[in-house]
Amino acid sequence: MNDLVQWDLQEVQEVITSLKHKPGALFPILHGIQNLAGYIPAESLPLIADALHQTRAEIHGVVTFYHLFRMTPPGRHSLEVCRAEACQARGSRALEAHVKAKLGIDYHQTTTDREFSLEDVYCLGNCACGPSIRIGDDIIGRVTPEKFDQLVDELTTVALEIRS
Amino acid sequence: MSIKIYVPRDTTTLALGGEKVVSMILAQAESRGIDIELVRNGSRGLFWLEPMIEVQTGNGRVAYGPVEARDVAALFDAGLPEGKSTHRLALGDPEEIPYLKKQQRLTFARAGITDPVSIADYKLHDGFKGLENSLALSGQMIVDEVKASGLRGRGGAAFPTGIKWQTVHDCAADQKYIVCNADEGDSGTFADRLVMEADPLMLVEGMIIAGLAVGSTQGYIYLRSEYPVAHQIMKEAIANAYQAGYLGENIQGSGKKFDLEVRLGAAAYICGEETSLLESLEGKRGVVRFKPPLPAIKGLFGQPTVVNNVLSLAAVPFIMAHGSKAYADCGMGRSRGTLPFQLAGNIKQGGLVELAFGPTLRELLDDFAGGTETGLPMRAIQVGGPLGAYLPQSQWDTPLDYEAFAAIGAVLGHGGVVVFDESVDMTEQARFSMEFCVEESCGKCTPCRIGSTRGVEVIDKIRAGDKVEANLALLDDLCETMIDGSLCAMGSMTPIPVKSAFKYFPEDIALAHSRMSIQTEAK
Ligand SMILES: Cc1cc2nc3c(=O)[nH]c(=O)nc-3n(C[C@H](O)[C@H](O)[C@H](O)COP(=O)(O)O)c2cc1C
Ligand code: SF4
Ligand code: FES
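Keeping their order, the protein sequence lines are chains A and B. Heads up: the first sequence begins at 523 in this note's numbering, then just goes up one per residue. Heads up: the second sequence begins at 37 in this note's numbering, then just goes up one per residue.
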């Protein structure tokens, strides 16, 4: 399976060049690269280090400190399930188990067909109407196992249509 | 004339199908030849009624909710465009809904009423009055006004905002910074999000005033990456404020300058801690700094920095528009003004409830929560986020006031109230608190980093019925070590929810044991 996200080092370099002048530029750069490529490719670390006059180890240290930044390509859909207390109180533990069983993966993994990457998240701010999940930039509330299955069906059907 | 219809663009509305409702409204209006103007307002924070749509009539607004896409055609049939109230989802005048009417909305007065990114709407509803007044004052006079209001930081530590500003004001430096802490990591909280999604210009105004007060020309909003909708709305609001001459050089012709930028976090709870946040803004690992030096003296890039929560900064425009007294007149004891409580978890009527400090937790629940979603009795309530205590019935008569909560070993924190029904296993909650600390510790202190891992193991043994007494004693020791040996509240407060779970709900230990042995047998 080829990677779904296309990027080249030239574009990564452009992101770095356009942001490196900012005070505290590393975060904007990392967000910029992850928006572009879906992850922080290892090849980008020396470019960032160069632009910011820091060592590669320093950049690597920052990338790995934060849950959001990933160094492997994600699946077509990044799926996050809220594990925090207010969602627990509304049944998220059962939902978590269902999601993992349905997709056949655990947190921080990607399905073999590369459709879904699964991450945990601690609160999406939709705590009055949980359990909450996030798919890409969409947050979805009151997610039951049935509603989740329906969402998965919708997302995978759309993907098939685009491909054919 | 076209009919104005409001559909919020906030996270919860969207999470419950708001965009589909919008498409249906547009389709229905078109097919019926009705001329409408769709306004994307903010939510009023009555989340259990979202998507709540409102129609402007000659006699004010009429609300309907919770509306699903499939209801829209019937709502049009039932006279929604004329504001008729015959449909079962009709709620009448939104301002008269008891949940809203019983609140004291100072900070959230405009939420849901205005288009959040419209400068004209903002000004029409008292916006920028506080800034206008502040532009005529010296920095010291603004600091004095904020001091007199009694405002205490809403991020959790409840430190007096005016005193923090005084410190930054008194520092001589070429560059000072205003940093807004919009990391809102606590589960069960969404008040910061609602400010940024429903009334972001209020935050912009608060930050400009803070800049004028302490002599800073640069602000940053450190926003958690889990809030994509708030990010989008905040960016639009800032762009509009620049366009209208409220940000940038020469604010409203005053010769004063203030620049403002949103910076995204990267999913680390610890980056809500102010020094970790500053490290992160500087592009480093979010490891907590030793204090002193205080951020007020040596903060962002080593410069004097005000770090304030969204709600603290958002309270400032009201104080500067209406005077410190109007704010300080609300509240009890040393807790002045209002706190937006956030009702979440297993309740029917979750949402934002802004009240003056003082009513009891039980009154808050009785007046607003509407019982549990599951219909089972409430059993445990976690107040103040993941580092807050789990409170049983016997503690619910505590007044919502910083000092009263401290007196029972609990915290109000950022005002999150998370309700659990009687199906909760409190030993599982205690385990989660420790696990959360393992996940989110910045790693600097051993008691926090290693102690929490040990904590999970010990709780697992207790839950499995393994030497319960001895392990409870061990857990107690471990908690004491974390309290004494941690640099910040992540490590020193994780014991609060853990200890409260075992103290108030000891009967769950035996229950957990029997549940776990049934599970093992089933395997
Ligand atoms: C682990 C931890 C997490 C915190 N998270 C937040 C947060 O998400 N938002 C916030 O405003 N303050 C948070 N704080 C408190 C901040 O350190 C700081 O007190 C606050 O931003 C100061 O602003 P205020 O005086 O306006 O409350 C946190 C503190 C700790 C120890
Ligand atoms: S208590 Fe934990 S989170 Fe806080 S500084 Fe120490 S290790 Fe870091
Ligand atoms: S706890 Fe899940 S959205 Fe807040």
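Ideal Cβ positions, reconstructed from N, Cα and C, are used throughout, including at glycine.
Closer than 7 Å: is that where the CB of residue i sits relative to any heavy atom of ligand 3?
i	result
L646(A)	yes
G652(A)	yes
G81(B)	no
S223(B)	yes
A303(B)	no
K649(A)	A small correction: the amino acid at residue 649(A) is Cys; Lys does not occupy that position in the sequence shown. C649(A): yes, Cβ under 7 Å from ligand 3.
Which first and last residues belong to the alpha helix (DSSP H) in which residue i is found?
i	result
E476(B)	M462 to E476
E493(B)	T482 to R499
R299(B)	Element bounds for R299(B): not the alpha helix (DSSP H) but the beta strand (DSSP E), D295 to L300.
A277(B)	P264 to Q279
L690(A)	Outside the displayed span of chain A (523 to 686) sits residue 690(A), for which this structure offers no information.
F638(A)	First-last for F638(A): F638 to V643, but that is the beta strand (DSSP E), not the alpha helix (DSSP H).
M238(B)	P236 to V250
According to DSSP, is residue i part of a helix, a strand, or is it coil?
i	result
F587(A)	helix
D157(B)	helix
L523(B)	coil
H205(B)	helix
S686(A)	Below a pLDDT of 50, predicted positions are generally treated as unreliable, and S686(A), at 42, falls in that range; the measurement from the model is reported next regardless. It is coil, neither helix nor strand.
C604(A)	strand
S656(A)	The residue you asked about is not Ser; residue 656(A) is Arg in the sequence shown. Three-state DSSP puts R656(A) in a strand.
L617(A)	helix
K535(B)	helix
I444(B)	coil
Can you find a heavy atom of ligand 1 that lies under 7 Å from the Cβ of residue i?
i	result
R229(B)	no
R370(B)	no
T197(B)	yes
V343(B)	yes
S348(B)	yes
R321(B)	no
E220(B)	yes
A193(B)	yes
E409(B)	no
N382(B)	no
Buried or exposed: residue i, going by 16 or more other Cβ atoms within 10 Å of its Cβ?
i	result
D624(A)	With the sequence shown as reference, residue 624(A) is identified as Lys, and Asp is not the correct amino acid for it. It counts as exposed.
E536(A)	exposed
T586(A)	exposed
G94(B)	exposed
K535(B)	buried
M526(B)	buried
L187(B)	buried
E220(B)	buried
Q429(B)	exposed
S316(B)	buried
What do you reckon, is the C-beta of residue i under 7 Å from a heavy atom of ligand 2?
i	result
V534(B)	no
Given this structure, state the Cα-to-Cα distance separating residue i from residue j, to the nearest angstrom.
i	j	result
M368(B)	F393(B)	6 Å
L427(B)	L388(B)	20 Å
I72(B)	L248(B)	42 Å
M552(B)	G626(A)	24 Å
V58(B)	Y540(B)	47 Å
R372(B)	F226(B)	21 Å
D46(B)	G647(A)	11 Å
R76(B)	A546(B)	52 Å
I417(B)	E565(A)	48 Å
G359(B)	K480(B)	43 Å
R685(A)	C649(A)	With a pLDDT of 49 at R685(A), under the threshold of 50, the predicted position of this residue should be treated as unreliable, and no value is reported.
E533(A)	A332(B)	39 Å
P560(B)	W432(B)	Residue 560(B) lies beyond the residue range present for chain B, which begins at 37 and ends at 559; the question has no answer from this structure.
With residue i as the anchor, note down where its beta strand (DSSP E) starts and where it stops.
i	result
P376(B)	T374 to G381
Q339(B)	Q339(B) -> no beta strand (DSSP E), and no H or E assigned at all.
Y100(B)	G96 to Y100
A304(B)	Counting along the chain, A304(B) falls outside any beta strand (DSSP E), and DSSP gives it neither H nor E.
M60(B)	It is not in any beta strand (DSSP E) - M60(B) instead sits in the alpha helix (DSSP H) that spans G54 to S67.
V346(B)	Looking at the DSSP string, V346(B) is not in any beta strand (DSSP E); the run it does join, the alpha helix (DSSP H), is V346 to H358.
A404(B)	Checking the sequence, you will find Phe at residue 404(B) rather than Ala. Where F404(B) is concerned, there is no enclosing beta strand (DSSP E), given that its DSSP letter is neither H nor E.
E390(B)	G387 to A392
P196(B)	Run containing P196(B): none; DSSP gives neither H nor E here.
D457(B)	G452 to D457
N217(B)	Y213 to A218
K40(B)	I39 to Y42
E73(B)	I72 to V75
Neighbourhood of ligand 5 [Cβ distance below 6 Å to any heavy atom], ordered by chain position: As presented, the structure is devoid of ligand 5, carrying ligand 1, ligand 2 and ligand 3 as its sole ligands.
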